[in-house]
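Asks: Have a look at this one.
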Amino acid sequence: METPLTNNIRPDREPLDIEGYEQAGGYRAVRKVLGGMAPADVIEAITQSKLRGRGGAGFPTGIKWSLVPKDLAASGPHYLVVNADEMEPGTFKDRLLLEGDPHQMIEAVIVAAYAIQAETAYIFLRGEYFLAERRLRRAVGEADARGYLGTNILGSGYDLAVHVHASGGRYICGEETALLTALEGRRAVPRAKPPFPQTSGLWGKPTVVNNVETLCNVPHIINNGADWFMGLGRGEDGGTKIYGASGRVRRPGSWELPMSTPLCEIIEEHAGGMRDGYELRGVLPGGLSTSFIMADDIEVKMDFASVEKVGSRLGTGAVIVLDQRTCPIGMLRNLEHFFAQESCGWCTPCRDGLPWVERLLAGIEAGEGEMDDLDILEQHVKFLGPGRTFCAHAPGAMAPLASGLKYFRAEFEQHIHEKRCPWNEAH
Amino acid sequence: MSIVETEAGLTAEQRAAIEAMAGHYDDKRAACIEALRYVQGHYRWVSDRHLAEVAALLDMSRADLDGVATYYNLIFRRPVGEHVIFLCDSISCWVMGREAVNAHLCKRLGIQPGETSKDGAYTLLPIVCIGHCDHAPAMLLDDELHGDLDAVRIDTILGIQP
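Chains as they are written, first to last, in numbering that gives the first Met the number 0: chain G, 0 to 426; chain U, 0 to 161.
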């Protein structure tokens with residue numbers, strides 16, 4: 000089984016320096032594209048591979064790049080922005096890539112920036128990722144000293160500057176237009192789309208925003224080709240995916256596995272199954288803003304289309320496990336607290352709706368809920384759903400709630416009728 | 000040691016560093032978050048005086064910069080202790096027992112989340128997922144990540160003998 004993204008990552012995560020990275024075959028993709036590939040050919044190679052965004056939305060990367068205007072004289076400067084604002088609860092894959100192999104990130108940035116003809120790239124990094132920040136800054140310095148960054152890179156005539164931008168910390172910065180607003184030094188409020196960032200992004204200029212894991216695939220596709228990439232997956236989507244598992248499993252962690260690896264295999268083989276005394280009730284398959292998948296559907300393949308068929312989304316591929324000893328209402332209250340707190344406050348349904356949802360859930364959990372509360376929660380699922388709000392934050396918050404109301408109806412009613420949390424004594 | 004209330008202005012070196020940050024962007028204000036964090040790195044928090052100085056350096060109004068400063072989780076507009084503990088309160092840590100860890104921290108430090116210990120040593124704050132879910136419950140102590148927390152680990156980290 001090939002693991003291109005994590006090949007260089009050692010168990011202690013101490014990263015390769017630039018010499019070690021080169022010896023492991025690093026910066027070959029940069030030499031290849033700057034040595035004679037036209038930017039359009041690079042975009043075509045990525046389009047052929049059918050690489051889809053690994054940040055959660057799954058948008059085809061090659062198509063995203065191809066939407067950037069080709070006429071630089073007319074459009075002005077282009078920008079590449081790496082979305083390294085990993086903050087989806089339960090998700091810890093990009094931190095692994097950034098800390099464990101920072102040069103892979105830099106190489107990916109150079110290839111992608113060249114493809115879209117950007118001469119400035121920003122790595123928008125989560126402010127709390129201090130170790131990743133130190134390692135990225137060191138890698139940028141090394142790459143610069145070696146002539147992979149700066150002016151006339153490897154004699155190609157292509158110039159690129161890469162800056163690491165450590166964020167001030169807000170979940171909404173992961174939304175690509177909010178990220179751009181934050182990068183401009185403002186409160187991270189999302190922007191209306193269209194126009195899309197590819198035509199009007201950072202400072203109104205054409206900008207591509209890609210997730211860390213997405214970009215890290217790029218040098219490998221350039222080196223090995225689209226067919227190789229497609230062959231890595233076990234289903235329709237090509238490549239590998241960094242899956243994770245957390246909660247009461249024996250060995251929580253993250254693993255680079257073929258795309259479409261079944262959920263049960265991730266939990267049983269890689270995470271070692273459930274700890275003694277714990278049973279799996281369900282999972283959030285791809286971070287917080289995905290719907291619950293219950294134990295009946297545990298054999299689902301973890302790829303974009305298959306997870307949708309069981310009513311959820313692949314998201315970040317970070318599996319959060321709910322066990323039978325954890326109160327599902329408490330879990331929903333915890334996650335809606337997160338969404339309420341992290342709302343940017345721009346649009347009313349999200350700003351006012353999410354705290355209301357949190358209050359209702361906290362009341363029910365404390366044994367102070369009423370049956371009418373369930374109707375109000377259902378209404379929120381509708382009024383905060385897709386198309387009702389300015390961005391995807393509130394609809395993301397409603398996904399686990401909607402599925403929770405469906406799957407945990409009996410537990411909701413038990414809390415309300417018994418006027419207590421049945422899990423309180425069990426803990 | 001008590002909380003430092005600084006009234007000194009930024010040094011010439013600090014002002015130069017902030018101007019250099021502004022050079023990375025087409026628009027000066029894009030450096031404002033980085034600049035506030037830089038100031039905080041030296042003074043632990045951002046005082047009104049420092050905020051005004053940064054605003055002037057980046058051609059922003061004070062109100063505009065304060066709006067940015069108060070929006071982000073990692074920028075402090077009030078004094079904090081010598082060390083800041085960010086205890087994760089997101090889902091994986093919650094499932095793995097962060098409430099018990101929080102209660103233990105509160106007991107040891109004699110404070111509630113959002114407060115600073117009387118000796119000025121620690122400020123305790125909740126934080127959203129810090130990407131250490133495979134070692135939940137987790138926290139940041141200043142810029143260092145700690146995982147697999149329980150009462151014993153907390154006491155070791157705080158240097159408290161059992």
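Quick reminder that beta carbons are idealized off the backbone N, C-alpha and C, glycines included.
Can you tell me which of G/I221, G/F338 and G/P194 puts its alpha carbon nearest to the alpha carbon of G/L50?
Replies: As a working note, residue 50 of chain G is residue 51 in the first sequence. Ranking G/I221, G/F338 and G/P194 by Cα distance to G/L50 puts G/I221 first.
Asks: Based on the DSSP secondary-structure assignment, which residues constitute the bridge partners of G/L214?
Replies: For the purposes of this step, residue 214 of chain G is identified with residue 215 of the first sequence, where counting begins at 1. According to DSSP, which records beta bridges pairwise, G/L214 is partnered with nothing at all.
Asks: Find the nearest neighbour of G/M273 within the set G/W254, G/L321, G/G316 and G/M293, judged by alpha-carbon distance.
Replies: Along the first sequence, read from residue 1 onward, the residue named residue 273 of chain G stands at position 274. Ranking G/W254, G/L321, G/G316 and G/M293 by Cα distance to G/M273 puts G/L321 first.
Asks: When you compare only the Cα positions, how much space is there between U/I17 and G/G126?
Replies: Stepping through the second sequence from its first residue, residue 17 of chain U is reached at position 18. Stepping through the first sequence from its first residue, residue 126 of chain G is reached at position 127. Rounded to whole angstroms, U/I17 to G/G126 spans 18 Å at the Cα level.
Asks: When you compare only the Cα positions, how much space is there between U/A137 and U/R97?
Replies: Counting from 1 along the second sequence, the entry for residue 137 of chain U is found at position 138. Counting from 1 along the second sequence, the entry for residue 97 of chain U is found at position 98. Inter-residue distance for U/A137 and U/R97 is about 8 Å (C-alpha atoms, whole angstroms).
Asks: Specify, as a first and last residue, the run of the beta strand (DSSP E) that G/T315 falls within.
Replies: One-based indexing of the first sequence puts residue 315 of chain G at position 316. First-last for G/T315: undefined, no H or E at that position.
Asks: For G/T325, tell me which candidate among G/R247, G/G184 and G/A191 has the shortest Cα-Cα distance.
Replies: Against the first sequence, residue 325 of chain G aligns to sequence position 326. For G/T325, the nearest C-alpha among the options comes from G/R247.
Asks: Quick check on DSSP: helix, strand or coil for G/S290?
Replies: Position 291 of the first sequence holds residue 290 of chain G. It is coil, neither helix nor strand.
Asks: Nearest CA to the CA of U/L123: which residue from U/N101, U/G130 and U/H131?
Replies: Residue numbering aside, residue 123 of chain U sits at position 124 when the second sequence is read from its first letter. Considering only alpha carbons, the answer is U/N101.
Asks: Taking Cβ to Cβ, would you say U/R14 is nearer than 8 Å to U/L57?
Replies: Stepping through the second sequence from its first residue, residue 14 of chain U is reached at position 15. Stepping through the second sequence from its first residue, residue 57 of chain U is reached at position 58. It is not a contact, given that the beta carbons lie outside the stated cut-off.
Asks: Out of curiosity, what's the CA-to-CA distance linking U/Y24 and G/S74?
Replies: Counting from one through the second sequence, the residue named residue 24 of chain U turns up at place 25. Counting from one through the first sequence, the residue named residue 74 of chain G turns up at place 75. Going from the Cα of U/Y24 to the Cα of G/S74 covers about 18 Å.
Asks: Within the 8 Å Cβ cut-off, does U/A19 reach chain G?
Replies: Mapped onto the second sequence, residue 19 of chain U falls at position 20. So no, U/A19 is outside the interface.
Asks: With U/V94 as the anchor, note down where its alpha helix (DSSP H) starts and where it stops.
Replies: As a first step, residue 94 of chain U is located in the second sequence; it is residue number 95 there, counting from the start. U/V94 -> alpha helix (DSSP H) spans I90 to V94.
Asks: Taking the alpha carbon of G/L283 as the point to measure from, which residue in G/T260, G/A304, G/S245 and G/G34 has its own alpha carbon closest?
Replies: Start at 1 with the first residue of the first sequence, and residue 283 of chain G comes out as number 284. Minimum Cα distance to G/L283 is reached at G/S245.
Asks: Any beta carbon of chain G sitting closer than 8 Å to that of U/H145?
Replies: Along the second sequence, one-based indexing puts residue 145 of chain U at 146. For U/H145, the answer is no, since every Cβ of chain G falls outside 8 Å of its Cβ.
Asks: Taking all protein chains shown into account, do 16 or more other C-beta atoms lie within 10 angstroms of the C-beta of G/Q430, making it buried, or fewer, making it exposed?
Replies: What is shown of chain G runs 0 to 426, which leaves residue 430 of chain G out entirely.
Asks: Taking the C-alpha atoms as reference points, what is the distance between U/S1 and G/H336?
Replies: Here residue 1 of chain U refers to the residue found at position 2 of the second sequence. Here residue 336 of chain G refers to the residue found at position 337 of the first sequence. Confidence at U/S1 is low in this model, with a pLDDT of 43, below 50, so its placement is unreliable and the value that follows should be read with caution. Computed Cα separation, rounded: 33 Å.
Asks: In the DSSP assignment, find the alpha helix (DSSP H) that holds U/E33 and state where it starts and stops.
Replies: The residue labelled residue 33 of chain U in the question sits at position 34 within the second sequence. Where U/E33 is concerned, the enclosing alpha helix (DSSP H) stretches over C31 to Y42.
Asks: Within 8 Å of any Cβ in chain U, is that where the Cβ of G/S245 sits?
Replies: For the purposes of this step, residue 245 of chain G is taken as residue 246 along the first sequence, with counting starting at 1. For G/S245, the answer is yes, since a Cβ of chain U falls inside 8 Å of its Cβ.
Asks: Would U/N101 pass as an interface residue toward chain G - the criterion being a Cβ-Cβ separation below 8 Å?
Replies: In the second sequence, residue 101 of chain U corresponds to position 102, counting from 1. Chain G contact via Cβ: absent.
Asks: Identify which residue in G/E298, G/V67, G/E174 and G/L66 has its Cα closest to the Cα of G/F389.
Replies: Translated into the one-based positions of the first sequence, residue 389 of chain G becomes position 390. Check the Cα spacing between G/F389 and each of G/E298, G/V67, G/E174 and G/L66: the tightest is with G/E174.
Asks: Could you tell me the distance, in whole angstroms, from the CA atom of G/V110 to the CA atom of G/G34?
Replies: Here residue 110 of chain G corresponds to residue number 111 of the first sequence, with the count starting at 1. Here residue 34 of chain G corresponds to residue number 35 of the first sequence, with the count starting at 1. One C-alpha to the other measures close to 12 Å.
Asks: Could you check whether the Cβ of U/A30 sits closer than 8 Å to any Cβ belonging to chain G?
Replies: Translated into the one-based positions of the second sequence, residue 30 of chain U becomes position 31. Yes - at least one Cβ of chain G is within 8 Å of the one on U/A30.
Asks: Taking only runs of the alpha helix (DSSP H) that begin and end inside the region 303-356 of chain G, which ones reach a length of at least 4 residues, in chain order?
Replies: The region 303-356 of chain G contains, as complete alpha helix (DSSP H) runs of 4+ residues, the segments 303-308 and 327-341 (chain order).
Asks: Whole angstroms is fine: what's the gap from G/A294's alpha carbon to G/D84's?
Replies: Locating residue 294 of chain G in the first sequence gives position 295, counting from the first residue. Locating residue 84 of chain G in the first sequence gives position 85, counting from the first residue. The alpha-carbon atoms of G/A294 and G/D84 are separated by roughly 31 Å.
Asks: G/V217 and G/L262 - do their beta-carbons sit closer together than 8 Å?
Replies: Taking the first residue of the first sequence as 1, we reach residue 262 of chain G at position 263. Taking the first residue of the first sequence as 1, we reach residue 217 of chain G at position 218. No; because the gap between Cβ atoms is not below 8 Å, this pair is not in contact.
Asks: Would you list the one or two residues that DSSP bridges to U/C87?
Replies: Along the second sequence, one-based indexing puts residue 87 of chain U at 88. U/C87 pairs with U/I126.
Asks: Would you grab the beta carbon distance between U/I90 and G/G89 for me? Rounded to a whole angstrom, and I think it's under 8 Å.
Replies: Taking the second sequence and counting its residues from 1, one reaches residue 90 of chain U at position 91. Taking the first sequence and counting its residues from 1, one reaches residue 89 of chain G at position 90. The pair is a contact, with the Cβ atoms about 6 Å apart (cut-off 8 Å).
Asks: With distances taken from CA atoms, which of G/P193, G/M370, G/A391 and G/N209 is nearest G/C346?
Replies: Working through the first sequence from its first residue, we reach residue 346 of chain G at position 347. Ranking G/P193, G/M370, G/A391 and G/N209 by Cα distance to G/C346 puts G/A391 first.
Asks: What span of residues does the alpha helix (DSSP H) with U/K106 cover, start to end?
Replies: In the second sequence, counting from the first residue as 1, residue 106 of chain U sits at position 107. First-last of the alpha helix (DSSP H) with U/K106: R97 to L108.
Asks: Thinking G/R312 and G/G285 are a contact (beta carbons under 8 Å), I'd like their distance in whole angstroms, please.
Replies: Along the first sequence, read from residue 1 onward, the residue named residue 312 of chain G stands at position 313. Along the first sequence, read from residue 1 onward, the residue named residue 285 of chain G stands at position 286. With 8 Å as the limit, G/R312 and G/G285 qualify as a contact, their Cβ atoms being about 6 Å apart.
Asks: If we define contact as Cβ-Cβ less than 8 Å, is U/G113 a contact residue for chain G?
Replies: In the second sequence, the residue the question calls residue 113 of chain U occupies position 114. No - not a single Cβ of chain G is within 8 Å of the one on U/G113.
Asks: Would you call the region 130-147 of chain G and the region 95-110 of chain G touching, i.e. three or more CB-CB distances under 8 Å?
Replies: yes
Asks: Buried or exposed for U/S60, going by 16 or more other Cβ atoms inside 10 Å?
Replies: Residue numbering aside, residue 60 of chain U sits at position 61 when the second sequence is read from its first letter. Looking at its Cβ environment, which holds fewer than 16 other Cβ atoms inside 10 Å, U/S60 is exposed.
Asks: Which complete beta strand (DSSP E) runs does the region 118-203 of chain G hold, if anything under 3 residues is left out?
Replies: You should have 160-165.
Asks: Hey, is U/I156's beta-carbon within less than 8 Å of any beta-carbon in chain G?
Replies: On the second sequence, residue 156 of chain U is found 157 positions in, with the first residue counted as 1. Not a single C-beta of chain G is nearer than 8 Å to the C-beta of U/I156.
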